[in-house]
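Asker:
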Amino acid sequence: VIFEGVYTLHPAIRKSLDLWIAVVGGVHSHLIARIQRDKNRAGFSISQNEIMTTVFPLFQQYIEPHLVDAHLKIQNDFDPVLSPESSPFVLKSTKQVSYQDILKVLDGSKVCSSVQNFTDVYLRLPGIPSNGQLTEGECIRVRICEGRFAVLIREPIREGNFIIQPKVDFDISASTVAGLLKLGYQAVAYIEASAVIYQDGKILIEVDHLQGVTNPYIQIKGTNKEIVSSAASSLSLDGSYTTKSYLQIILESLPVDDNVTAGIHNQQAARLQELVEFIQSQGGSFNSDLSSPIRENSSTDGVLDDLQSRIKRLERWNTINMVLWTILLSALVGYSLYQKRRH
């Protein structure tokens, strides 16, 4: 039985476990390195400890102290953003395709669909050198979807019509986004969209409806370049591809004479302010909970009590399981001996 989670090494839990393993690093380290790089480019210096304290306060206060007690500590230096081997190939088109045509290129026995409504907020640190036009590479992209926050790390490579997109998505708390704002990041652009997603295990077809853009965009994604290309050709998308990012598409759709203040288009300014206030309110309520030991302890105790009850249930089930297997094996051995005596 494997228990996995941020509270697994808490003293109230680990005493019931045989082997304690801590894994640190990974995509969170990528975000910390990105923040430090942005600060240096903007002419400021900041320590990793200061970034951790601001962006991941929960980790430093309630998780990191227990990592030292692990029997095995693994430092995960693997950065999936720099590993293009498993990166999906993407073909993006403005051509409208019917639902029936999409189903024809998918395996009907395995196809499944879903709908996502999301808002992507682009955070940029003032002072970073720029050529005057906002690009996705200058920003940290935060997605708000169904009340949850996630960082979307994209460093795409263009190859003809293909976008080779090493991607990492990982969930974060509102306090992490609020921490980015505290470090000086500003919300400079946003995208609101609805995505209808179809997939069959080999390819993923996504139809994106961007707010403020008349026609939807279709994306064909998959790790096999030939399969992606074949599916796109079957949908007659050849000749209609684009490698522009959605940020670039949205910014180009804004009026040419729209005033820009501090790098923010006035047409987006009001909504951006609403999003920032929402993030700060969510992060503020989280921080107020952290500042109250009673609330934090009660919250932590609730999680720990739940884990302990699960462990006890598993132990009871393990005991019952052992008894049943003992009875079964005894019966099999007895039956085998009986058959031998008969012969």
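Start counting the sequence shown at 4; every next residue gets the next number (the numbering used here).
The beta-carbon is built from N, C-alpha and C at its ideal position, and this holds for glycine as well.
Quantities reported herein were computed from a predicted structural model and do not represent experimental measurements.
1) Taking all protein chains shown into account, decide if Phe-47 is buried (16 or more other Cβ within 10 angstroms of its Cβ) or exposed.
2) Quick check on Lys-42: does DSSP put it in helix, strand or coil?
3) Apply the 10 Å Cβ neighbour rule to Ile-77 and answer buried if 16 or more other Cβ atoms are within range, or exposed otherwise.
4) Look at the Cβ atom of Ile-221, then the Cβ atom of Val-100, and state whether they are nearer than 7 Å.
5) For Ile-253 and Leu-278, which I take to be in contact (beta-carbon distance under 8 Å), what is that distance rounded to the nearest angstrom?
6) Which word fits Phe-81, buried or exposed, when buried means at least 16 other C-beta atoms lie within 10 angstroms of its C-beta?
7) Given a threshold of 16 other Cβ atoms within 10 Å of its Cβ, counted over all protein chains shown, does Asp-241 qualify as buried or as exposed?
8) Could you check what DSSP says for Pro-60 in three-state terms: helix, strand or coil?
9) Okay, do the stretch 103-112 and the stretch 167-179 touch, 3+ Cβ pairs below 8 Å being the bar?
10) Closest to Leu-70 by CA distance: which of Trp-23, Lys-185, Ile-330 and Val-210 is it?
11) Report the CB separation of Ala-153 from Gln-285 in whole angstroms; it is logged as a contact under 8 Å.
12) Which ranges would you report for the beta strand (DSSP E) in the stretch 165-201 if only whole runs of at least 3 residues count?
13) Which of the three DSSP states is assigned to Leu-77 in this structure?
14) From Trp-328, Glu-255, Gly-130 and Gly-182, pick the residue whose C-alpha is nearest to that of Leu-61; which is it?
15) How many Å lie between Arg-313 and Cys-142 at the Cα?
Answerer: So, from the listed chains and residues:
1) exposed
2) helix
3) exposed
4) Yes.
5) Actually they do not touch by this definition, with Cβ atoms about 14 Å apart.
6) exposed
7) exposed
8) helix
9) no
10) Trp-23
11) The Cβ separation is near 14 Å, so there is no contact.
12) Listed in chain order, they are 165-167 and 170-175.
13) First, the amino acid is wrong: residue 77 is Ile here, not Leu. In this structure, Ile-77 counts as strand in the three-state DSSP scheme.
14) Gly-182
15) 42 Å
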